[in-house]
Each structure stands twice: as structure tokens, then as C-alpha cells.
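Take a look at the structure below.
Residue numbers (my numbering), protein chains in the order written: chain A, 1 to 473; chain B, 1 to 473.
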């Protein structure tokens, strides 16, 4: 290492040593290991620790001064600026390729224009949802009493909707009284409340690898340490699960049992049993996020059914089968936890969305809803075969053919980088979901998640075919 | 202190020394200064620190063992049980009289039966809200396009609603482009997102004393340290403000400027100027929660207008004047903060409530909405005189007569405890809001907040009159 020369060689992520130093300091400030007013490490000290030249550190510090992140006090050293930067979720954790950042897919999917195609998004096209029932429910709601239209909801949420949810859960073998069920604005908000309830900053949480990308984002927002175990077609790799819980003692495990996101896999009863046994042994609480439940043809085993809502907490939502525009989810947990969760819900969002809950109740009570679900399942089955066949033609191989649902986890031809494909597709107004966004270990470079209900337009296969062809040369 | 005798004398809150010891340990566990598996202080050590007898500590530890909170390892000592209790918001901070716990008023108000009277709640009776407009808006919504009814909202929220909010803010002298405005599910959710964005656990936040009781609950949920300054009829006591920011260096100040909750006071331009000057000097960010804005007759000075959304963040909502059943609020902040806030919103609640935003837009665009606001303001003026006069007859004295709004902060006759009155009123199905729920310093024992729109039923004055009469003997 020669002092006086700023190293311009790049690391694996293509960053110069100077940007590595800048990122390190920025992360310490963001994570508050360096608080406002705190003195930065000396130039020489940091150069030694990071194995870079002192001039690299000087240059990095000077640029951070220019950014306003730190201050220079001549003769004394460098200090964190008093107004610390706000918590930047996108900066927490390892710096990722923007295209596989958990926020990239969310943003691209949510911001996509009406003409854009979204094989990477996680929901059905509006035309698949029960539009007529929703319209009827809105008209019914327009005749509701004044209190329904104007007042805050009760803390747990609309009682008849909670009763109906309890009955529907019973059909999946999960017993819960309506008083164990709390309505939320969404499945995501339910998990967020549970993280507030069960986690302290720095606690460890276990997820599947791959898992729903927003789990990563949500857990970062809670300053949790995230660990993962590989997911197999029958559930988490139980050997890795055992080792990981023993080593890291996570407080929580967040998973989907019935239709796993992104793989579409189904938890086997044997793996369910073993997961619960290990959870008992290591005192692990499990959040079972079951928002795709209604796509199933035959109910798969649920951790919550095996366990009886003791150490398993069950989450559901109506965004996938009814409407994502009307926000309504729920959490079912053991009775002694509901009060604490309700306090947190009131403190952080006050009343729940009463009008939306009434709307959901109206649609669910409508005789046509079960028929609607059957239609969706049938359409998904057909689309699954079609999309599988077409993808295979392009050399894109499903990891497994899911029993139900809209998600298809696929391997691209050898050596092709999914993030690269996603970037190229976005230029042609197609939003895709590259594998590493779902992978804590960043081991899914070669995978892509498809939503078969949004992958029926022939243009997707044309564009994808061309992108793959270009990259095979 | 005599060893061997368990002291049964009570402290100010009526707790025995043993329960004080138990509460201390419970709070350390809840706050994770004692983590799962950690060894508890020795019996003798804790007895010395807490100035109690060793037998008091032994008894407290044994009861905590019985509760499952801690474990005894004979010959070794006492240890925190492995499965730490979930985060109990109601247990954080000093143990309060349940009747002045911030959750008490929320729960009682939100859970009140239809026949109950709620002079203590913070919203208008449904019959005061624009029921007909909401019904019309629901019918309009029932004819909207499929995407509006089924799809997730865009990350910032419905563009035309954000444009309309920007125009309405401009009328109050606050300039913000629609891109600086993010829709949320409520004003509370907006403040919650800002706390996630701007606070780390342990950061200090400044509030008014008294202030809206849910600020206390929300800040506890963020593990913030809360400090307060006395509120005067012209805004925070500026001398106390200067001393407190200098001493505690809070990162945030949360306040209402126009119609202060619970006092109904209005910030004066001079105090606004001084607050902002101190904020500049001590690098303080201010959240101006302006959810009562539309009740004003003439716009009062806003911190956000003086400051131009530089260090002030502005919050609004439609729960108070349109509907609390349809949840919709917003936050306006400087452009460079919006992206980070949006990431947090996506991570913790994914899409916003598009259908509700459309509903709010429909009602606000309805020509009748401004007329509706005028009617509400007029009714509130009339109710204010009536309720003031009737309360004065009972010896209940308004602290000031607010220029607008529904809130009236009153002093009860000398020596009468508002929490005691609230408990007695609840037995007769009347929910009241005792002063100390709003006061960090617990110095409002003798105060009560009335919502004049919900204090028109003669039974309230009969019941209150009798309760006060009983206590004056």
C-alpha cells in the first residue's frame, strides 16, 4: 500500500476504495454507531483498519464534508454533522445492484404505467378480480348508516368480518376465536405490527432463501439482523434450519407455508412437524404469512393448524383475491398477545379502516365470491400450463410446477444474469422480478420470478426471447 | 430498613415496595436492558440499590418466577426467561393510573357502545359529517374503472388528490409541490412513518405539556425519550423551550400550531418565529400536525408557512371533517426526504389505500364540501358558547375560549381529580378525557378536555354535576 496514491482499483461491486471508505462511514452514521457530533476515526487509524492509503481516507473524508455528512474542525479532526441523515432504508445492509434492491421491484411494479407489462409483480390483473361484486358492495355501502360511513372502527376491527375470517380459517384447520383476530390495513401492516411487538433492534430473524423480497425491506426497517435457510420444494432445508436456529437463536421465523413466495412450493407435513419441533426446542416464534391461501385447490398443511396458534401467528389479506385498492388484512394470534398488539395498532394508526372492512365483508358475504375463487383457480391452472410451456421454449426452466397460485420460480439459461435481463426488459416497459431480490445470500442471480397471470401477453415472450438470444452469443 | 420484614407500606401510586421491585424488573426486561438469559442483580445488591429489604426482593423474584418472567437456578441466581415477553406498550414508561393511561381514552372512545356519550373523544358526531357527499362519492366510485377498484395505489398516492392538497395548503400559505406530498392511511400513520425515518431508539423528542395523548403512546412505541415544555395560550413557553432544547438536544418537536390539542390554543406569530429560530440554532426538526386545520375561521400562522418546509414537516388528514371510517392522511416534507419516506411506506404497508383516496378526492371535489365546512364551523361556534356557559355553571372553568375547533381544556373545581371524575362518569356510560393523559409531567390532575360537539346532551351536565357535587362535600 503506497501512501499518497488514491487507489482507483475497483472491488467486486465495482466501487473504488475511496467509495468503500465513504460507504463505510455513511453506514456507521446511518446505523448511529457514529452519532451526531461524534468524532470520526483518525485518518491514519482508519487507513490501517481498512487497509487503504491515508490519502484515500483524506479524499473520502473531504468528499463527505462536501456532502454535508461530516464537518472538518481544523487542528481537531472530523466530526459527524449535527443533523444526522434520516434513516435511509435503501442504504441499510449491503449495497446491492439497484435492479435487485427490494425496493426496485416494488417501485417499478407500483409505478408502472397502464400500458406497461408486469410479469414481475405479485398480483392479479384487475380484470381477474371480482369487479362486479366490488361495485355492488360500494352501492350497498352508500346506503349504510351514518356511523359506518363516518366513525372510527373499533380497535380489533369490524366484528362480523372477524367472525367470518374465523370460520374461513376453520376450513383450513386453524381454530381461532374472533377475539384472537385483529384487522389491519394489509398483510404487510400485520407483519410490521408483529415486528414492533416481538422484536428489539438487533434481534435476529430467520427467513427462507429465497423469500418474498419485502420481508428483507421490512426487517431492515426494524433494524433486525436477518439470517436465512435454503428453501426446498418441501419447505425449508431442515438440516440448515436446525443449524441456523442453534447458532443464531433467531427470535422470529417468517415464512409462507401453502403457496411459497417466490417458489410456489408447498410445505410438506413432515417438514412442518420438524420445523415446529425445532421452534419448540429453540423457543422460536413463527409468522405464517398466508396471503395466497385462497388460490389453493386443496388445503395444504398450515403451521398454525399443527401448532394451534401457540407459537405460530397467522396472517391473511384480501389484496390478492378481492382488491388491492381496498386495504384490509388480519392477524390471528394467541389470546394473551392481542391486547398488546391492539395497543400498538392504536398508537401507530389509531382507528382501523372501517369502511374498507365493511366493503370486504360485503364482497365476502356475496354468494358469488366462492364461485369467483373457483374461476380464478381454474384460470390460474390454465395459465400455469401455458406459461410453463412457453418459458421452456425459451430455455427458461421452472424450478418446480406449483400446485396452485400465480408464482413461478424459473432458472434462466446458464450464465445469464436475471438483473441484467430485468434492466433490459424495463427499457421496453416490462417489469420483471430478478431472483436476487428474493435471496439474502444473493445466490439466485440466475433465477427470475414470473407471475403467470401477468405473463400472458405475447410481447413478453418476444422481448424476453430477444434479450436471451442477445446474451447467449 | 429491617431485613426479614416485607414492607407493605404503599408508594404514591398505591403500590407496595414489592410491586415496585417487580415493576422495575419487568420494565428492564421489556426495555431489554435485561435480555433473555441474562442474570438478574443479586438479591442483596438490588435490595441495597432500591433501598428495600432483602426479603422484599426475594418475594418479588419468587413471584416473577411464578409468572414465568424469570427462572431460578438454585445455587446460581435468577435469570431472565428465554422467551422474553413481547413489547408491552402499556408497560413502557412510568406506571400510570389506568384512567389516565394514553390507551385508556383511545380504547374507551373507540370501544364505546352506540348509546354511550363521548365528551372525551376527539372527533365529531357522525351526523355532523358530510354523509350525503360520502354516499354520492361511493356511488361514483361504484362506476370507476377496474384498475381503480382493484389495483394497488402508486407509491406517493393518487396524483389528483395530491394536487388538490397542494392547492389547499397554498391557501394557508404553505408552498409544496404535489411531489412533496405523500398520502398515508391517517395523520397518525404519517407521524409514525416520520418517527421511523428520523428517530433511532433512545433519541429525544420534545412535545408540549399538555399535548395529544397519543403522541406519548406513539413515541413510546419508538422507544424515544420524551421531554416536554409547558404550553401557554400563545404556544410553547419559549423560555422553557430554549432551556429544554439546549439541555436535551431533542431531534424532533411534535406540535399543533393552529388548533392545539388539547387546549384549543393558537400559536402566535412571535412565538412561531422564536421557535423556528431555536430550531435553527439547535438543529431541531419539527412535525406540525395540522389535522384540525379545516375548523379554522381565519388561518393562523403555520410553522410550515414561516419555514417553507425546510425543517418543518407538515401533516394533515381528513378524519376530522370528512370521515374517520375512510382512512386518509398525508405528509408534506422537503423534496430530498420524500424518497426515503416512500421506501419506508412501501416496506411497512406496501400500496396505499387507492379506493379511499378516490373517495376523499370525490368528496373534496364535490361543490358542497366548502359549504359543509362553513356549516361545521358555525355549529362549532354555537356549541362552544353553549358548552362554555354550561360548564361554568358547574364550576368548570375553560383555560381559554378557543377561536375555533371542538376542543375545550377546562379546570375542574379546586381539589377535584379528573381521573376520579372520569372513572365515575364511565360507570354511567360517559367517556371523558382526564388531563393527565395529555401531560408528561402529570401536572394536569385538575384538568379535563371536552369535545364540545359531543358535549351537547343534557345528561352529561346532569351526571357531571352530580359527580362534582359528591366530591365537593
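In this text, a Cβ means the ideal position worked out from N, Cα and C, and glycines have one as well.
Checking contacts by CB at 9 Å: is residue i closer than that to chain B?
i: residue 7(A); result: With a pLDDT of 42 at residue 7(A), under the threshold of 50, the modelled position of this residue cannot be trusted, and the question is left open.
i: residue 34(A); result: no
i: residue 95(A); result: Residue confidence is low: residue 95(A) scores 48 on pLDDT, short of 50, so the model does not pin down where it sits. Its coordinate-derived value is still stated next. It does not; no Cβ of chain B falls within 9 Å.
i: residue 129(A); result: yes
i: residue 23(A); result: no
i: residue 146(A); result: yes
i: residue 221(A); result: yes
i: residue 126(A); result: yes
i: residue 135(A); result: yes
i: residue 461(A); result: no
i: residue 359(A); result: yes
i: residue 482(A); result: Here chain A covers residues 1 to 473 and nothing more, so residue 482(A) does not appear.
So is residue i in contact with chain A if we call contact Cβ pairs under 9 Å?
i: residue 475(B); result: The shown model of chain B, from 1 to 473, leaves out residue 475(B), and the question about it has no answer.
i: residue 214(B); result: yes
i: residue 457(B); result: no
i: residue 151(B); result: yes
i: residue 103(B); result: yes
i: residue 421(B); result: no
i: residue 310(B); result: no
i: residue 452(B); result: no
i: residue 159(B); result: no
i: residue 155(B); result: yes
i: residue 209(B); result: no
i: residue 107(B); result: yes
Note down, in chain order, every chain A residue with its Cβ under 7 Å from the Cβ of residue i.
i: residue 188(B); result: 348, 349 and 350
i: residue 111(B); result: 154 and 155
i: residue 278(B); result: In chain order: nothing, as chain A lies at least about 14 Å away.
In three-state DSSP terms, what is residue i?
i: residue 25(B); result: helix
i: residue 274(A); result: helix
i: residue 283(B); result: coil
i: residue 341(A); result: helix
i: residue 103(B); result: helix
i: residue 475(A); result: Since the first and last residues shown for chain A are 1 and 473, residue 475(A) lies out of range.
i: residue 150(A); result: helix
i: residue 231(A); result: strand
i: residue 30(B); result: helix
i: residue 384(A); result: helix
i: residue 469(B); result: helix
i: residue 73(A); result: strand
i: residue 328(A); result: coil
i: residue 375(A); result: helix
Using a C-beta to C-beta distance shorter than 8 Å, which residues of chain B count as neighbours of residue i?
i: residue 288(A); result: Residues of chain B passing the Cβ test: none, with the nearest at roughly 17 Å.
i: residue 68(A); result: Here the premise fails: no neighbours, minimum Cβ distance about 11 Å.
i: residue 217(A); result: 343, 346 and 347
i: residue 123(A); result: 151 and 152
i: residue 139(A); result: 138, 139 and 142
Which residues in chain B have a C-beta closer than 7 Å to the C-beta of residue i? List them in chain order.
i: residue 354(A); result: 325
i: residue 86(A); result: 197, 198, 337 and 340
i: residue 484(A); result: In the structure as shown, chain A begins at 1 and stops at 473. Residue 484(A) is therefore absent and cannot be evaluated.
Who are the neighbours of residue i on chain A, taking C-beta pairs under 9 Å?
i: residue 252(B); result: Correct list: empty, because the minimum Cβ distance to chain A is about 11 Å.
In chain B, what lies closer than 9 Å to residue i by C-beta?
i: residue 73(A); result: The premise fails here: residue 73(A) is roughly 16 Å from chain B at the closest Cβ pair, so nothing lies under 9 Å.
i: residue 114(A); result: 147
| query | Along the region 174-204 of chain A, what residues have a CB closer than 7 Å to any CB found in chain B? | reply | Residues of the region 174-204 of chain A with a C-beta atom less than 7 Å from some C-beta of chain B are 185, 186, 188, 189, 192, 196, 197, 198, 200 and 201, listed in chain order.
| field | Stretch pair the region 342-355 of chain B + the region 309-318 of chain B: three plus CB contacts closer than 8 Å | value | no
| message | Does the contact criterion of 3 or more C-beta pairs under 8 Å hold for the region 405-415 of chain B versus the region 449-467 of chain B? | response | yes
| task | Determine which residues of the region 232-247 of chain B have a Cβ less than 8 Å from any Cβ of chain A, and write them out in chain order. | result | none
| query | When you check each C-beta in the region 287-306 of chain B against every C-beta of chain A, which residues fall closer than 9 Å? | reply | none
| task | State whether the region 325-338 of chain B contacts the region 172-190 of chain B, with contact taken as three or more CB pairs (one from each stretch) at a distance under 8 Å. | result | yes
| said: With a threshold of 8 Å, are at least 3 pairs of Cβ atoms found where one atom belongs to the region 143-153 of chain B and the other to the region 125-132 of chain A? | reply: Taking 8 Å as the limit for Cβ pairs, the verdict is that the region 125-132 of chain A does touch the region 143-153 of chain B.
| Using Cβ-Cβ distances below 7 Å, what residues of the region 430-445 of chain A are close to chain B? | none
| message | Does the structure place the region 223-241 of chain B close enough to the region 279-292 of chain B that three or more beta carbon pairs sit under 8 Å? | response | no
| message | Does the structure place the region 274-286 of chain B close enough to the region 244-262 of chain B that three or more beta carbon pairs sit under 8 Å? | response | yes
| Taking a cut of 7 Å between CB atoms, which residues from the region 367-387 of chain B lie near chain A? | none
| query | Is it a yes or a no for the region 27-34 of chain A touching the region 183-198 of chain B, going by three-plus beta-carbon pairs under 8 Å? | reply | Cβ pair count under 8 Å is below three, so no.
| said: Three Cβ pairs or more, each shorter than 8 Å: is that satisfied between the region 424-433 of chain A and the region 264-280 of chain A? | reply: no
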